[in-house]
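Engineer: Just so you know, UniProt numbering puts 8 at position 8 of the sequence shown, and the rest follows in order with no gaps.
Sharing a structure with you now.
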Amino acid sequence: MNPNSVLMVDNLNEAKELHDKIGAEKLKSFLEKAIDNEQYCVIFAHDYKQIKNNYHLDKLRELLNNHFKQCLAFRCNGENLNALKSGLPSPSELNALFIELSKDSYTEFRPFSL
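Spelled out as structure tokens, the structure:
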């Protein structure tokens, strides 16, 4: 990948090759190299509960917590919000939350104009 390029995983729930220890280690290796090469990674997770119940969550959660400092949460249930950070309010129907994990803050915003 070239500098300033982006790797996007459109549904972590379906990217089963990333759910076990080996897959998490491969993603970790990529992310560590990406930092040095000015590359970025965006991962969409549709159902944290499914990931938590069915996959090797410890390695995956450690990886996500260590390498991802911002999260976006669209309209979702409290369980998914608490998986990102405990105590977050659910965003209004048309809004989303931008969560800065490194600064322990969040901002509610409207991602699309109506």
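Cβ coordinates follow ideal geometry from the N, Cα and C atoms, glycine included.
Please name the residue or residues paired with residue 105 in a DSSP beta bridge.
Structural biologist: DSSP, once it has assigned bridges, lists 100 as partnering residue 105.
Engineer: Where residue 108 and residue 100 are concerned, what is the direct C-alpha to C-alpha distance, given to the nearest angstrom?
Structural biologist: The straight-line gap from Cα to Cα measures roughly 12 Å.
Engineer: Express the C-alpha separation of residue 98 and residue 110 in angstroms, rounding to a whole number.
Structural biologist: Approximately 10 Å between the Cα atoms of the pair.
Engineer: The beta strand (DSSP E) that contains residue 83, what's its start and end?
Structural biologist: Residue 83 -> not in any beta strand (DSSP E); alpha helix (DSSP H) instead, spanning 78 to 84.
Engineer: Reducing DSSP to helix, strand and coil, say where residue 50 ends up.
Structural biologist: Helix.
Engineer: Pop quiz: residue 18 and residue 24 are said to be a contact at Cβ under 8 Å. What is the actual Cβ separation, rounded to whole angstroms?
Structural biologist: Their Cβ separation, rounded to whole angstroms, is 6 Å, which keeps residue 18 and residue 24 in contact under 8 Å.
Engineer: Based on the DSSP secondary-structure assignment, which residues constitute the bridge partners of residue 70?
Structural biologist: 100.
Engineer: Identify whether residue 12 lies in helix, strand or coil by the three-state DSSP scheme.
Structural biologist: Residue 12: coil per DSSP, three-state reduction.
Engineer: Please classify residue 7: does DSSP put it in a helix, a strand, or coil?
Structural biologist: Of the three classes helix, strand and coil, the one that applies to residue 7 here is strand, per DSSP.
Engineer: Rounded to whole angstroms, what is the Cα-Cα separation between residue 22 and residue 74?
Structural biologist: Cα to Cα, residue 22 sits roughly 30 Å from residue 74.
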